[in-house]
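Data first, discussion second: the structure below is written as structure tokens.
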Amino acid sequence: MSAFVYLLRCADDSLYCGWSSDPERRLAEHAAGRASRYTRSRLPVELVWVGECADRSEAMREEARIKRLPAAEKRALALSGPRPARPGRGSPPPSGASRPAS
33 MSAFVYLLRC ADDSLYCGWS SDPERRLAEH AAGRASRYTR SRLPVELVWV GECADRSEAM
93 REEARIKRLP AAEKRALALS GPRPARPGRG SPPPSGASRP AS
């Protein structure tokens, strides 16, 4: 089953990263203030990036990787728009960044 990593832009222009098996449903939960305390206090939120992963484990690893990125790289990722899925991997890092060795 596919899982997705997503970035939301909050009303204060901060970025929130999460994962879900259904990003549209999760966006609705964030918009309704039911998904996380962080986004609840920063409504409205906008979905700015989604990347598909092979499964939940991979999505969680990709979420952790994105959260470790410097702020400038997260902003570049958000500006890049959705990325197509790649078999066996999460979304690629923003241009100029390298994926950490596993």
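The sequence shown maps to residues 33 to 134 in my numbering. Think of the CB as a built atom: it goes at the ideal place given N, C-alpha and C, for glycine as much as any other residue.
Next on the checklist: Between which two residues does the beta strand (DSSP E) holding A35 run?
Outcome noted: 35-41
Next on the checklist: Would Y48 pass as an interface residue toward chain D - the criterion being a Cβ-Cβ separation below 8 Å?
Outcome noted: In the structure shown, chain D cannot be found, because there is only a single protein chain.
Checklist entry - If you compare alpha carbons, which of V80, M33, A67 is closest to S171? => result With the chain running from 33 to 134 in the structure shown, residue 171 is simply not present.
Item to check | Sequence-distant residues of its chain with Cβ nearer than 7 Å to D44 (five each side left out) | outcome: R74
Item to check | Residue range of the beta strand (DSSP E) that includes S52 | outcome: 47-52
Next on the checklist: Can you tell me whether L75 is helix, strand or coil according to DSSP?
Outcome noted: coil
Item to check | Extent of the continuous alpha helix (DSSP H) run through R66 | outcome: Looking at the DSSP string, R66 is not in any alpha helix (DSSP H), and its letter there is neither H nor E.
Item to check | Local Cβ density within 10 Å of P102, reported as buried at 16 or more and exposed below that | outcome: exposed
Next on the checklist: Classify K99: buried if its beta carbon has 16 or more other beta carbons within 10 angstroms, exposed otherwise.
Outcome noted: exposed
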